[in-house]
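Quick notes on the structure that follows.
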Amino acid sequence: DSGVTQTPKHLITATGQRVTLRCSPRSGDLSVYWYQQSLDQGLQFLIHYYNGEERAKGNILERFSAQQFPDLHSELNLSSLELGDSALYFCASSVAGTSGEQYFGPGTRLTVT
Amino acid sequence: AQKITQTQPGMFVQEKEAVTLDCTYDTSDPSYGLFWYKQPSSGEMIFLIYQGSYDQQNATEGRYSLNFQKARKSANLVISASQLGDSAMYFCAMREGGNTNAGKSTFGDGTTLTVKP
Numbered sequence: 319d320s321g322v323t324q325t326p327k328h329l330i331t332a333t334g335q336r337v338t339l340r341c342s343p344r345s346g347d348l349s350v351y352w353y354q355q356s357l358d359q360g361l362q363f364l365i366h367y368y369n370g371e372e373r374a375k376g377n378i379l380e381r382f383s384a385q386q387f388p389d390l391h392s393e394l395n396l397s398s399l400e401l402g403d404s405a406l407y408f409c410a411s412s413v414a415g416t417s418g419e420q421y422f423g424p425g426t427r428l429t430v431t
Numbered sequence: 073a074q075k076i077t078q079t080q081p082g083m084f085v086q087e088k089e090a091v092t093l094d095c096t097y098d099t100s101d102p103s104y105g106l107f108w109y110k111q112p113s114s115g116e117m118i119f120l121i122y123q124g125s126y127d128q129q130n131a132t133e134g135r136y137s138l139n140f141q142k143a144r145k146s147a148n149l150v151i152s153a154s155q156l157g158d159s160a161m162y163f164c165a166m167r168e169g170g171n172t173n174a175g176k177s178t179f180g181d182g183t184t185l186t187v188k189p
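Protein sequence lines, in the order shown, are assigned to chains W and E. Residue 319 is where the first sequence starts when you use my numbering, and the numbers rise one by one after that. Residue 73 is where the second sequence starts when you use my numbering, and the numbers rise one by one after that.
Below, the structure is given as structure tokens:
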């Protein structure tokens, strides 16, 4: 158990819908990262938040948005869902933003039908 | 742009033997971190080892060691005394440490390791 929690574990929804994925970092970690893992794209970095502020953006679609709240938990919002958004979404956390170990949560498996 | 290359799509190793998984990277950022993760068939991503670009010594964590050769831009993972439970996909990753794109990470395509009894 990495100490990073993600909910829900599985999510099945229809095209065009909107979903919210939630992540709680390890106690004491200020940084949260979101990743998408799909068969055709591999592991893709989406976004990084440090202590509530966005620090880096990767291959995140405009239909996707994220935020980190004062209690340091984070949410990833996916809207106007398409079949191609079906993937495993990971959250990870670390103490600092740019150095040190990074621990992953168990992931949320999103299936868009 | 950052890039991670893992040239071995699949590797086989005999139980109890050592194995080296290759990783080369490319970056113009002087500050970065290198990671290895294990992903078993169950899907979770397990952190194995971390090496900072300014670290003088190679990182070690139990049976895992990272052979960091900065001039060659390589960060190979060495697993000693392989166990059947080591069979999994292994990812090499790099995280930027500069002021712009701080924390942006790039992953390789992975190497599937199979440990034979």
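Each residue gets a CB set at the ideal place from its N, CA and C atoms; glycine is no exception.
Determine the direct distance from the alpha carbon of residue j to that of residue i, and round the result to whole angstroms.
i	j	result
residue 159 of chain E	residue 136 of chain E	14 Å
residue 424 of chain W	residue 101 of chain E	30 Å
residue 108 of chain E	residue 401 of chain W	30 Å
residue 91 of chain E	residue 104 of chain E	25 Å
residue 389 of chain W	residue 94 of chain E	39 Å
residue 360 of chain W	residue 110 of chain E	14 Å
residue 169 of chain E	residue 368 of chain W	13 Å
residue 338 of chain W	residue 372 of chain W	18 Å
residue 130 of chain E	residue 96 of chain E	15 Å
How far does the beta strand (DSSP E) with residue i in it extend, from its first residue to its last?
i	result
residue 98 of chain E	96-98
residue 136 of chain E	136-141
residue 110 of chain E	104-111
Could you have a look at residue i and say whether DSSP puts it in helix, strand or coil?
i	result
residue 185 of chain E	strand
residue 157 of chain E	helix
residue 348 of chain W	coil
residue 402 of chain W	helix
residue 410 of chain W	strand
residue 391 of chain W	coil
residue 146 of chain E	strand
residue 191 of chain E	With chain E covering only 73 through 189, there is no way to say anything about residue 191 of chain E.
residue 431 of chain W	coil
For my contact list, residue i and residue j are in at a C-beta cut-off of 8 Å; report their separation, rounded to the angstrom.
i	j	result
residue 409 of chain W	residue 392 of chain W	7 Å
residue 421 of chain W	residue 322 of chain W	5 Å
residue 84 of chain E	residue 186 of chain E	5 Å
residue 396 of chain W	residue 336 of chain W	7 Å
residue 154 of chain E	residue 89 of chain E	6 Å
Determine the contact status of residue i and residue j, defining contact as a CB-CB distance below 8 Å.
i	j	result
residue 123 of chain E	residue 98 of chain E	no
residue 364 of chain W	residue 378 of chain W	yes
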